[in-house]
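Worksheet: the structure to be examined is printed underneath.
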Amino acid sequence: MGKVGAGGGSQARLSALLAGAGLLILCAPGVCGGGSCCPSPHPSSAPRSASTPRGFSHQGRPGRAPATPLPLVVRPLFSVAPGDRALSLERARGTGASMAVAARSGRRRRSGADQEKAERGEGASRSPRGVLRDGGQQEPGTRERDPDKATRFRMEELRLTSTTFALTGDSAHNQAMVHWSGHNSSVILILTKLYDYNLGSITESSLWRSTDYGTTYEKLNDKVGLKTILSYLYVCPTNKRKIMLLTDPEIESSLLISSDEGATYQKYRLNFYIQSLLFHPKQEDWILAYSQDQKLYSSAEFGRRWQLIQEGVVPNRFYWSVMGSNKEPDLVHLEARTVDGHSHYLTCRMQNCTEANRNQPFPGYIDPDSLIVQDHYVFVQLTSGGRPHYYVSYRRNAFAQMKLPKYALPKDMHVISTDENQVFAAVQEWNQNDTYNLYISDTRGVYFTLALENVQSSRGPEGNIMIDLYEVAGIKGMFLANKKIDNQVKTFITYNKGRDWRLLQAPDTDLRGDPVHCLLPYCSLHLHLKVSENPYTSGIIASKDTAPSIIVASGNIGSELSDTDISMFVSSDAGNTWRQIFEEEHSVLYLDQGGVLVAMKHTSLPIRHLWLSFDEGRSWSKYSFTSIPLFVDGVLGEPGEETLIMTVFGHFSHRSEWQLVKVDYKSIFDRRCAEEDYRPWQLHSQGEACIMGAKRIYKKRKSERKCMQGKYAGAMESEPCVCTEADFDCDYGYERHSNGQCLPAFWFNPSSLSKDCSLGQSYLNSTGYRKVVSNNCTDGVREQYTAKPQKCPGKAPRGLRIVTADGKLTAEQGHNVTLMVQLEEGDVQRTLIQVDFGDGIAVSYVNLSSMEDGIKHVYQNVGIFRVTVQVDNSLGSDSAVLYLHVTCPLEHVHLSLPFVTTKNKEVNATAVLWPSQVGTLTYVWWYGNNTEPLITLEGSISFRFTSEGMNTITVQVSAGNAILQDTKTIAVYEEFRSLRLSFSPNLDDYNPDIPEWRRDIGRVIKKSLVEISELLIHTLNQNSVHFELKPGVRVLVHAAHLTAAPLVDLTPTHSGSAMLMLLSVVFVGLAVFVIYKFKRKIPGINVYAQMQNEKEQEMISPVSHSESRPNVPQTELRRPGQLIDEKVESQLIGE
7 MGKVGAGGGS QARLSALLAG AGLLILCAPG VCGGGSCCPS PHPSSAPRSA
57 STPRGFSHQG RPGRAPATPL PLVVRPLFSV APGDRALSLE RARGTGASMA
107 VAARSGRRRR SGADQEKAER GEGASRSPRG VLRDGGQQEP GTRERDPDKA
157 TRFRMEELRL TSTTFALTGD SAHNQAMVHW SGHNSSVILI LTKLYDYNLG
207 SITESSLWRS TDYGTTYEKL NDKVGLKTIL SYLYVCPTNK RKIMLLTDPE
257 IESSLLISSD EGATYQKYRL NFYIQSLLFH PKQEDWILAY SQDQKLYSSA
307 EFGRRWQLIQ EGVVPNRFYW SVMGSNKEPD LVHLEARTVD GHSHYLTCRM
357 QNCTEANRNQ PFPGYIDPDS LIVQDHYVFV QLTSGGRPHY YVSYRRNAFA
407 QMKLPKYALP KDMHVISTDE NQVFAAVQEW NQNDTYNLYI SDTRGVYFTL
457 ALENVQSSRG PEGNIMIDLY EVAGIKGMFL ANKKIDNQVK TFITYNKGRD
507 WRLLQAPDTD LRGDPVHCLL PYCSLHLHLK VSENPYTSGI IASKDTAPSI
557 IVASGNIGSE LSDTDISMFV SSDAGNTWRQ IFEEEHSVLY LDQGGVLVAM
607 KHTSLPIRHL WLSFDEGRSW SKYSFTSIPL FVDGVLGEPG EETLIMTVFG
657 HFSHRSEWQL VKVDYKSIFD RRCAEEDYRP WQLHSQGEAC IMGAKRIYKK
707 RKSERKCMQG KYAGAMESEP CVCTEADFDC DYGYERHSNG QCLPAFWFNP
757 SSLSKDCSLG QSYLNSTGYR KVVSNNCTDG VREQYTAKPQ KCPGKAPRGL
807 RIVTADGKLT AEQGHNVTLM VQLEEGDVQR TLIQVDFGDG IAVSYVNLSS
857 MEDGIKHVYQ NVGIFRVTVQ VDNSLGSDSA VLYLHVTCPL EHVHLSLPFV
907 TTKNKEVNAT AVLWPSQVGT LTYVWWYGNN TEPLITLEGS ISFRFTSEGM
957 NTITVQVSAG NAILQDTKTI AVYEEFRSLR LSFSPNLDDY NPDIPEWRRD
1007 IGRVIKKSLV EISELLIHTL NQNSVHFELK PGVRVLVHAA HLTAAPLVDL
1057 TPTHSGSAML MLLSVVFVGL AVFVIYKFKR KIPGINVYAQ MQNEKEQEMI
1107 SPVSHSESRP NVPQTELRRP GQLIDEKVES QLIGE
């Protein structure tokens, strides 16, 4: 899917969702399966993909950190190691900024003078465009039309409580990983590294630790070893006190383990190189480790001891068991490759993964890199007939094929979410290139209905597919998506999980309070739906569970989404209305459960100010957080409930050390909030209070109160609504028409839902509607729209089909082929099924349910078999036929034809095969000077040559995907005579009967023949021709018989090993050929000689088509090596 390509790929190929609030990045490189604390692999070994393969991929739950973070690359702001509150940052090479956000096209840039002022700390208090400057003076060329609607900026500079600490000695280090335990812990760990881009490796590292929330840091290099180079920092997600450091594998392969939040470490050597880790979601000491040689290891002692689980594991396709779906907490799901490159889905226990204890939940092979285990679902992909098919298992039950609308014809699929017992998937259909359709499933993940068409997609910086879809945090069922309409990309919003979508209403006024003339549907607000890869910093769009009404995003107003003229917008009523807050891009973070918004400008210049808003973005106050302007590399907020301490990471210049600025926001609050500081706020959609079947009222702090909220209370009240038609979506096979009704699609037969139903049982008869999953409405039209139990009707069998499990029409001799019987209608429990395999074997079954896993059969012979299936019940019958081609691999082709012929004489050429029976073949013949081949289905052809000379004949035999060929040369003369030579019997004693030996003997004979004439024949008859085979061994050569063409043996048998020599007498010269004697027949070659005894001489002649295929039993066939050794060979001796 894209893969059903976690990830990755390929291919007609599941990947992971980047951390953040919900944008779905598909097939992300380096993502490993499942879990919440699997840090990124080494930069040098991290799996990367130039492009996301087609297939089946998954995104993971929005807001959930990926199991393995991405490799370290130059990124805007920090890249966090998900699940462990660790942050990865990297300085940009060759620039003053470490991680300056890349300016978008059209963004306003500063002049060189501005740059110089910024370096000196001047101009840092420059106000946003169109707002009042310090002293109440208005910026020239601007005026506020409606102060009540304009965003207000207080330009008086206020000071935040902050401290700065420099990581002295690390000025050359260009990467860092930061872990902040949070949750009442004051410990922060920082690993800095010098990554040499030329060498592709880490050459230096330093480990720092703070115990006072980042006020001061201690360097711990002496505790881990002064010469030890560290590559990665890991933190156990279920016990933040447990820390694991990984050394650089190019120097040594070791782990350093701490159980006291990094205060002390123990070192353990490894005999393999770790590429990624996956921590168990519940057991703090259980870890899976994936090695660089594709082996999977397990540890039950937090890395102190390791045990091999499986070899040949596919990268990022291994998962821990999911509680509630798996009974064994130590069960491991993995995708493994076989030696021949196939993939299969295996499960086993982490400490007992022997061959005997492994299970294969999905029968047969799956597409490579396609296994996903997520929540209660398991997904795999299987391609057959050139089309991908996707299968799902819900709560570890049997796999079922995922059902999309009949003509969706997907070429790529990505699982976006499996929250709330429902699958949300993005599917690229056959006619789409840069867009995807969103589909949503029933509870089992089998039947999918369309939620939104043509959602925009793009390629990430590393070739990853990114879908423009964002799930708003804190509000169930609320999504934003960018849809492409007539080549324009527009932003849509839904409050009911895709049942209804609408455009975003643009703000009434701009930043200055000027009216905005924007009329729906021609003009609306459009947002960039990209999230940060760091779950603790903001991306281009951000929302928070503890601030369910506030959404901050960058975008533009107009007819379509644009990359120019980008501004920042905020909604404080869950997307109903929006306000412009900045005219340039800013990173916005949530403090104090969203009670305070912190905005920091995206710029490549050093800064020392930020903006704070206490009233959901209506007004902003300017605060300085450092006295010296700082190139900001990233920001990390304190994990936990309150988030009142923030650390800004940066440097004063590209040659300076890392500067860590700890900003404490507690001083900006007067007190903790009391009950009277809050007001109620009701969630709604354009005035409609029932959202997902319930009315929800939240507490909001009054905008004028500057108190600290502390712990988030959630919704004050939640009351179910009466069900209406708006709470129901169309069921599978139904489509919503213009009148709002759900009617059957043209391809759908509603009665087919009862096909898996037996007489006397019941099934759910769809009304065409199904309630949106997680919708809490009650009563109303619920009874009317809910599927009704109905008695199964008695039906005659109809729509019977028989297919192979892989969809192919071929099978291999001697191997299992799985046949699937499919029936559209009929009583499956009271049906007799008879299957005739066409090879003399037939079987019967009493019902279809006994054939759910298919019918397995092994064909012992090659051929085309007519497989028939007959289904009968008391109401009727049906039958189906499958013509199955059973083949075996073609291993060798030998072209049989005479070596010499005369002009205008018909010559027969025959392709002799090993094995002789391989199924349906195609023969391609090239001979003479023909520029076009002759293509036949027969293994023999006849042809003539009209002129003398040497001619090459080539035959190519196509068997399935394999093509083999053989080439021979034939001499054409006006006439020729043949002379057979015999040798003294002692030659037999030294004959190993291999082609090389016979060629060497032929070369010796050539030297012995001085001239070719009648005198030679006389010399041979006088036994005057001989040669030395070896010292003391003389072999005599004499003439056996002289005949006219064609070449036929008419003489009695001679003793001893014989070689046949052809003396061709022509007008222009003489030629000598040697035909090598062989002792055994080649199956399929006709021989003109009666075998009178063991040493009968064999003469080979051209053969006719009818003689070219004798009936040779399989047991007489030779192995390919014997066939090669025994084939008839020709050698030109001389001219």
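The C-terminal residue of the sequence shown carries number 1141 in our numbering, and the numbering is unbroken. All C-beta atoms in this analysis are idealised placements derived from N, C-alpha and C, irrespective of residue type, glycine included. As the structure is a prediction and not an experimental result, all values here were calculated from the model.
Fewer than three Cβ pairs drawn from the segment 919-928 and the segment 972-984 lie within less than 8 Å of each other, which leaves the two stretches out of contact. Uninterrupted beta strand (DSSP E) stretches at least 3 residues long and entirely within the segment 440-486 occur at 441-447, 454-465, 471-473 and 475-477, given in chain order. At a Cβ-Cβ threshold of 9 Å, ILE235 and TYR271 do not count as neighbours.
DSSP places ALA362 in the helix class (H, G or I) of the three-state scheme. The Cβ-Cβ distance between VAL1041 and SER984 does not fall below 9 Å.
DSSP links PHE989 through a beta bridge to VAL1043. Scanning the segment 489-563 for uninterrupted beta strand (DSSP E) segments of 3 residues or longer gives 494-500, 530-533 and 547-550, listed from N- to C-terminal end. Annotated three-state conformation of ASP842 is strand, per DSSP.
Ranked by how close their Cα comes to the Cα of SER305, the residues THR174, HIS286, GLY786 and VAL779 have HIS286 in first place.
Beyond the five residues adjoining it in sequence on each side, MET826 comes within less than 6 Å, by CB distance, of VAL809, ALA811 and GLY860 in the same chain, given in chain order. Note on MET714: 16 or more other CB atoms within 10 angstroms of its CB, so buried under the neighbour-count rule. For secondary structure counted as the beta strand (DSSP E) over 3 or more consecutive residues, the segment 267-351 holds these complete runs in sequence order: 272-275, 280-285, 293-297, 301-305, 313-317, 319-326 and 337-343. Judged by pairs of C-beta atoms under 8 Å, the segment 219-226 touches the segment 191-199, as three or more such pairs exist. TYR769 sits in a strand when the DSSP states are folded into three classes.
When DSSP states are grouped into helix, strand and coil, VAL906 belongs to the strand group.
A direct Cα-to-Cα measurement between MET356 and GLY945 gives close to 56 Å. Under the Cβ criterion (8 Å, minimum of three pairs), the segment 549-556 counts as touching the segment 577-591. In this structure, ILE473 keeps its C-beta atom at 9 Å or more from the C-beta atom of TYR445.
With respect to the 9 Å criterion, SER630 and HIS608 are not classified as neighbours on the basis of their beta carbons.
The Cβ neighbour count for ASP218, taken over all protein chains shown within 10 Å, is under 16; the residue is labelled exposed. In the three-state scheme derived from DSSP, where H, G and I count as helix and E and B as strand, ASN957 is classed as strand. Per DSSP, VAL429 lies in no beta strand (DSSP E) and is assigned neither H nor E. Look at the beta carbons and you see the segment 667-681 touching the segment 643-657: at least three pairs across the two are nearer than 8 Å. In this structure, the alpha-carbon of SER724 lies about 13 Å from that of LYS482. Residue burial annotation: GLN796 is exposed, with fewer than 16 other C-beta atoms found within 10 angstroms of its C-beta. For TYR383, the enclosing beta strand (DSSP E) begins and ends at 383-390. At the C-beta level, HIS339 and VAL384 come within 9 Å of one another.
By the criterion of a C-beta distance shorter than 6 Å, LEU927 is surrounded in its chain by VAL963 and ALA965, once the five residues flanking it on both sides are discounted. Ranking ASN439, VAL452, ASN437 and LYS412 by CA distance to the CA of ALA431 puts VAL452 first. Secondary-structure assignment with DSSP links SER577 through a beta bridge to ILE557. In the displayed model, GLY716 falls within coil according to three-state DSSP, outside both helix and strand. Under the 10 Å beta carbon count, ALA178 is surrounded by fewer than 16 other beta carbons and is classified as exposed. By the criterion of at least three beta-carbon pairs nearer than 8 Å, the segment 591-600 is not in contact with the segment 729-743. Taking SER376 as reference, the option from LYS489, LYS1036, LYS412 and ASP418 with the minimal CA-CA separation is ASP418.
By the beta-carbon neighbour count (other beta carbons within 10 angstroms, threshold 16), ALA848 is exposed.
Secondary structure of ALA605 (DSSP, three-state): strand.
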